[in-house]
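J.: Residue numbers (this note's numbering), protein chains in the order written: chain U, 88 to 187; chain L, 17 to 550.
Questions regarding the structure given below will be posed in turn.
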Amino acid sequence: MKPESEAMTLDLKASVRLTNEVGLHARPSVKLTQSAKRFRARVEVATAADGPWVDAKSPVKIMRVKALKGETLHFRASGTDASQALDALVDLVQRKFGEE
Amino acid sequence: MERAISGLGAAAGVAVGAAWPIHPLSAVARTAGSPGNERTALTDAIQAAAAAINALAAAQAGEAAEMLGFQVAMLEDEALAEGAFAAIAAGMPAHQAWAAALDAEIAGYLAADDPHFRARSSDLADIRDRVLRHLFGLGAVAIRSGDVIVAEDLQPSQFLAVDWSKGGGVALGAGSPTSHVATLARARSVPMVVGLGPSWTTLSGIVAVDGDAGRVIIAPSAATLAETEQRSAARKTATRQAEHRRLEPAVTRDGTRIAVSINVSGVEDIAGFAAESCDGIGLARTEFLAGDALDDEERQFGLYRALVRWADGRPVTIRTLDAGGDKPIPGYTVEDESNPFLGLRGIRLSLRHPDRFGVQLRALARAAADGPVRIMLPMVTRQDEIDAAGRLLDQATAELQAAGLAHARPPLGIMVEVPALAFAIGDIRADFLSIGSNDLTQYAAAAARDNPAVSAYADTLHPGVLGLIAHVARHGSAGGRSVSLCGDAGADPRSIPALLRAGLRSLSVPPGLVAATKEAIRAVDLSEERGHEP
């Protein structure tokens, strides 16, 4: 899905379905945070469009979300490279974290 | 001044090295400082633990490295210690604050519905304890090659984390020769003495672990060191001679061919081991192989197929998940059973989780398309368990058929470990039998494997236990059904003559003991009256 701009908050948003077998557990969480950390943008993730949002650069917080296969991951980002960050994260999830 | 502590030999051989104590966390205390000091102490401990895990990860590959990478990522995330630092600011000592914060995190994982998340609780517990070790000044459990681990007890994971290729040994206060970690030590030829009692805490400096005599010598004299060196060299020579004949079949003096297959716990056990030197895999454990892939059919299939391809046409006997007892799997086995060895374990647990059992059966049936896989059910007590597993196997093959995936229906055999089943074996319908002598012995002798105080009772050479084995060998083999034995006794030179006399013609042993087992078999003459053995 394409990131779409949201005029109200200047946050960019994107969403993608989690299709890898084990969901967002240990290794996928680490890969997601490693990818997010490559960008300066603030990036947050949630399993519902209205949050609660957690820092996508924190494996501890992402593990607390316990997102399972079939759930939709929502991302929001702000900052200079927010758009690139969302593209990279959506691509990573769509590629099933390169695991399968 | 040289002195010795007596225990029980759990893995043969002698090792001399510096004692490396691993103290249990429950036995240490520390004095807390001001909140500022406590904050610094925790920060330093977290950094030191992360650095130690990073160093460990660099020496590992594949899955092990990735799981350690996860631990590092968690430790480097400030969110993990937020709660602990808040509690420290409120006056709590660092170790209590850290343990409370991690226990809360672990509780969150254990509350998850999904088994993958629940299973990660063991990583969190590992992280918690690693940092606590640094806080208590115990350092990381990072043993140098050649050291002797001295501890109250040792977890299999702790043993496996050590590089034993350059020597070393283990001396334990508790433990038993039939424990899981002892099996691992024998398989890797790491000398081990267990059951030393409370005096294990006095082991320090240079110690000699004598796994043959079942004792540990502190501050060994020059004469002892020379004698140890000599025995070590003699053992190496004997091993070399046996290794020389490893590829030859095992035939007794009177010309009886004995099949010798191997027990494996994972694909790393067969790396570098020539399939030609054995008669296939007699026991592939799947607790380690598939423990964190309980629901992952593809991954299990890949691992099973790797065993089948390695065996190159030889039979590969794969045991379905034998969790429970001394092999808990977080999120799968039952916690706090009053007597786990007599509780929900092996097939009893698998039949209560038919979906997960189905995943394993499908993966096994798919691997069987590549070669002769045999499925072995652990801890069977009654015929209806075998029948229920057979129906689930039928269902699994029907699902594979419908999905158009290549598969075959493997023979379905059982472990004979429960005495009641052993007595009734003539009436039991199963495709093959394998005597699990460790559990059969502990159940028949009413002596727990993990209790050093009763280790001497758990003796496979007890006439009653040998009688049970002879009964199974005779009445189980009716109609040409294969009967094997896959416990520690199968690789014990003292037991081998008695096992062959009891009628067994097939033994499954750790890969490292194949050569020595074959040599022991070659020394037996089944045409002689018993008692004439050298």
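We put the CB at the ideal spot given by N, CA and C, even for glycine.
Note that the structure is predicted; figures quoted are calculated from it, not measured.
Take residue 322/L and list the residues in its own chain whose beta-carbon comes closer than 6 Å to its own, dropping the five residues that flank it on each side.
T.: Hits under 6 Å: 283.
J.: Rounding to the nearest angstrom, what Cα-Cα distance links residue 19/L and residue 236/L in this structure?
T.: Computed Cα separation, rounded: 7 Å.
J.: What did DSSP end up calling residue 107/U once you bin it into helix, strand or coil?
T.: Looking at residue 107/U - three-state DSSP - the assignment turns out to be coil, as it is neither helix nor strand.
J.: Using only CA atoms, which one of 109/L, 114/L and 81/L lies nearest to residue 94/L?
T.: Ranking 109/L, 114/L and 81/L by Cα distance to residue 94/L puts 114/L first.
J.: Please tell me whether residue 100/U and residue 162/U are closer than 8 Å, where the distance is taken between their beta carbons.
T.: Yes, the pair counts as a contact, with Cβ atoms nearer than the cut-off.
J.: Could you check what DSSP says for residue 37/L in three-state terms: helix, strand or coil?
T.: In the structure shown, residue 37/L sits in a strand (DSSP, three-state: E or B).
J.: Under the three-state reduction of DSSP, which class applies to residue 164/U: helix, strand or coil?
T.: Reduced to three states, the DSSP call for residue 164/U is strand.
J.: From residue 92/U to residue 143/U, what distance separates their C-alpha atoms?
T.: Any reading at residue 92/U is ruled out, since the residue's pLDDT is 45, under 50, leaving its predicted position unreliable.
J.: Using only the alpha-carbon positions, how far apart do residue 512/L and residue 230/L sit?
T.: Between residue 512/L and residue 230/L, the C-alpha separation is close to 20 Å.
J.: Using a threshold of 8 Å, state whether the C-beta atoms of residue 154/L and residue 169/L are closer than that.
T.: Result no, Cβ atoms of residue 154/L and residue 169/L do not sit closer than 8 Å.
J.: Counting only Cβ-Cβ distances shorter than 7 Å, please list the residues of the segment 88 to 119 of chain L near chain U, keeping chain order.
T.: Those would be 89, 90, 93, 95 and 96, in chain order.
J.: So which residues on chain L does residue 146/U lean against when the C-beta distance must stay under 9 Å?
T.: Chain L residues near residue 146/U: 86, 89, 90, 92, 93, 95 and 96.
J.: Quick check on the burial criterion: 16 or more other C-beta atoms within 10 angstroms. Buried or exposed for residue 101/L?
T.: The residue is buried, with at least 16 neighbouring Cβ atoms inside 10 Å.
J.: Does chain U have any CB closer than 8 Å to the CB of residue 415/L?
T.: Not closer than 8 Å to any Cβ of chain U, the Cβ of residue 415/L fails to qualify, so no.
J.: Does the Cβ of residue 182/L have 16 or more other Cβ atoms within 10 Å, making it buried, or fewer, making it exposed?
T.: Exposed: under 16 other Cβ atoms inside 10 Å.
J.: Which one or two residues does DSSP pair with residue 220/L in a beta bridge?
T.: Answer is none; residue 220/L lacks a bridge partner.
J.: Any C-beta of chain U sitting closer than 8 Å to the C-beta of residue 289/L?
T.: No - not a single Cβ of chain U is within 8 Å of the one on residue 289/L.
J.: Straight-line CA distance for residue 471/L to residue 354/L?
T.: The alpha-carbon atoms of residue 471/L and residue 354/L are separated by roughly 20 Å.
J.: Return the bridge partner residues of residue 333/L from the DSSP annotation.
T.: Paired residues: 390/L.
J.: Run through DSSP, which three-state label would residue 431/L get?
T.: Reduced to three states, the DSSP call for residue 431/L is strand.
J.: Please report the straight-line C-alpha distance between residue 332/L and residue 325/L, rounded to a whole angstrom.
T.: Going by the C-alpha atoms only, they are around 10 Å apart.
J.: Of all the CB atoms in chain L, is at least one closer than 8 Å to the CB of residue 112/U?
T.: Closer than 8 Å: yes.
J.: Identify which residue in 26/L, 242/L and 516/L has its Cα closest to the Cα of residue 194/L.
T.: For the residues 26/L, 242/L and 516/L, the minimum Cα distance to residue 194/L belongs to 26/L.
J.: In terms of residue numbering, what span does the alpha helix (DSSP H) encompassing residue 525/L cover?
T.: Where residue 525/L is concerned, there is no enclosing alpha helix (DSSP H), although the beta strand (DSSP E) it sits in stretches over 522 to 525.
J.: In whole angstroms, what separates the C-alpha of residue 16/L from that of residue 439/L?
T.: In the structure as shown, chain L begins at 17 and stops at 550. Residue 16/L is therefore absent and cannot be evaluated.
J.: Is DSSP giving residue 354/L helix, strand or coil here?
T.: Three-state result, residue 354/L: coil.
J.: Is residue 105/U near residue 157/U, with beta carbons less than 8 Å apart?
T.: Yes.
J.: Could you tell me which whole alpha helix (DSSP H) segments of length 4 or greater appear in the segment 438 to 501 of chain L?
T.: Counting only runs of 4 or more, we get 453 to 460 and 479 to 492.
J.: Is there a Cβ of chain U sitting closer than 8 Å to that of residue 26/L, yes or no?
T.: No, residue 26/L does not count as interfacial toward chain U.
J.: Is there a Cβ from chain U that is less than 8 Å from the Cβ of residue 132/L?
T.: It does; some Cβ of chain U falls within 8 Å.
J.: Does any C-beta atom of chain L lie closer than 8 Å to the C-beta of residue 155/U?
T.: Judged by the 8 Å Cβ criterion, residue 155/U is in contact with chain L.
J.: Any idea if residue 376/L is buried or exposed, counting beta-carbon neighbours within 10 angstroms, 16 or more meaning buried?
T.: Buried.
J.: Going by C-alpha to C-alpha distance, which of 83/L, 405/L and 147/L sits closest to residue 132/L?
T.: Per the Cα distances, 83/L.
J.: Select from the segment 312 to 328 of chain L all residues with a C-beta closer than 8 Å to any C-beta belonging to chain U, and list them in chain order.
T.: So the list reads 312 and 314, given in the order they occur along the chain.
J.: With a 10 Å radius around its C-beta and 16 neighbouring C-beta atoms as the bar for buried, classify residue 329/L as buried or exposed.
T.: By the neighbour-count rule (16 or more Cβ atoms within 10 Å), residue 329/L is not buried but exposed.
J.: Classify residue 87/L as buried or exposed, calling it buried when 16 or more other Cβ atoms lie within 10 Å of its own Cβ.
T.: Buried.
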